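Which chain is which? The protein sequence lines are E and Z, in order.
Using my numbering, you'd call the opening residue of the first sequence number 185 and step up by one each time.
Using my numbering, you'd call the opening residue of the second sequence number 50 and step up by one each time.
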Amino acid sequence: DAKTTQPTSMDCAEGRAANLPCNHSTISGNEYVYWYRQIHSQGPQYIIHGLKNNETNEMASLIITEDRKSSTLILPHATLRDTAVYYCIVRPLGAGTALIFGKGTTLSVSS
Amino acid sequence: DGGITQSPKYLFRKEGQNVTLSCEQNLNHDAMYWYRQDPGQGLRLIYYSQIVNDFQKGDIAEGYSVSREKKESFPLTVTSAQKNPTAFYLCASSKDTSNQPQHFGDGTRLSIL
Chain E
185 DAKTTQPTSM
195 DCAEGRAANL
205 PCNHSTISGN
215 EYVYWYRQIH
225 SQGPQYIIHG
235 LKNNETNEMA
245 SLIITEDRKS
255 STLILPHATL
265 RDTAVYYCIV
275 RPLGAGTALI
285 FGKGTTLSVS
295 S
Chain Z
50 DGGITQSPKY
60 LFRKEGQNVT
70 LSCEQNLNHD
80 AMYWYRQDPG
90 QGLRLIYYSQ
100 IVNDFQKGDI
110 AEGYSVSREK
120 KESFPLTVTS
130 AQKNPTAFYL
140 CASSKDTSNQ
150 PQHFGDGTRL
160 SIL
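Listed below in structure tokens is the structure:
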């Protein structure tokens with residue numbers, strides 16, 4: 185079973201920031217938080233990952249709480265092309281550790 | 050462009066036939082993975098390979114086989130022993146099996162005629 189909890193769906197206006205929350209209260213010390221998104225009939229797209237520090241790349245920012253029990257993915261200026269299912273995944277180090285995708289959050293961006 | 054190429058995009062199989070799904074990457078990644086996704090479900094790991102000539106079973110390996118003769122290639126064969134092969138198959142690769150992210154291809158959708 186997925187070790188994360190995410191809202192089923194969220195809406196966002198185009199051009200506004202989209203803040204997607206994720207709860208991972210049972211996360212272990214060696215587990216990273218990964219975010220992926222999947223548009224229908226395509227493979228998942230990697231967005232960002234982190235261990236305990238906040239991270240930023242060209243796609244998004246990842247904010248991890250100090251106790252590491254939750255995190256937020258921020259898309260600073262959402263566009264219609266950001267409409268997708270977003271998955272928050274925790275994964276330990278080591279060989280063969282599959283990415284466990286839960287239900288994710290369906291983000292709908294509208295104009 | 051660097052990336053992962055899966056082919057074909059759609060594949061149809063008759064009952065009792067084996068079919069092979071192709072996965073090629075030019076990212077110089079050591080590790081490669083095969084997942085299966087069923088409608089409305091998450092991904093499940095079929096097989097993974099950390100290096101050339103080595104691979105390990107994932108959670109649902111029965112009815113599948115793989116090979117890793119070249120670093121760039123990790124083909125998946127769906128055998129006749131797989132009783133419910135209709136699914137969306139995704140190949141991924143990562144630089145190694147530490148915290149490096151897995152990057153996915155666009156998948157192959159397999160259907161039974």
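Ideal Cβ placement from N, Cα and C applies to all residues, glycine included.
The model shown is predicted, which means the values in this text are computed figures rather than measured ones.
I273/E is the residue among I273/E, Y216/E, S292/E whose C-alpha sits nearest the C-alpha of Q190/E.
By the neighbour-count criterion, in which a residue is buried when 16 or more other Cβ atoms sit within 10 angstroms of its Cβ, I161/Z is exposed. For H233/E, the closest Cβ of chain Z is nearer than 9 Å. Exclusion of the five residues before and after I247/E leaves N238, S255, T256, I258 as the residues of its chain whose Cβ lies within less than 7 Å of its Cβ.
Each residue's CA atom was taken as its position, placing I211/E and L235/E some 10 Å apart. Pairing Q86/Z with G154/Z gives a Cβ-Cβ distance that is not under 9 Å.
At a cut-off of 9 Å between beta-carbon atoms, K236/E makes no contact with chain Z. Remark: C-beta atoms of I109/Z and I95/Z approach each other more closely than 9 Å. In this structure the stretch 194-211 of chain E does not touch the stretch 62-72 of chain Z; the number of beta carbon pairs closer than 8 Å is below three.
Between V293/E and A201/E, the CB-CB gap reaches or exceeds 9 Å.
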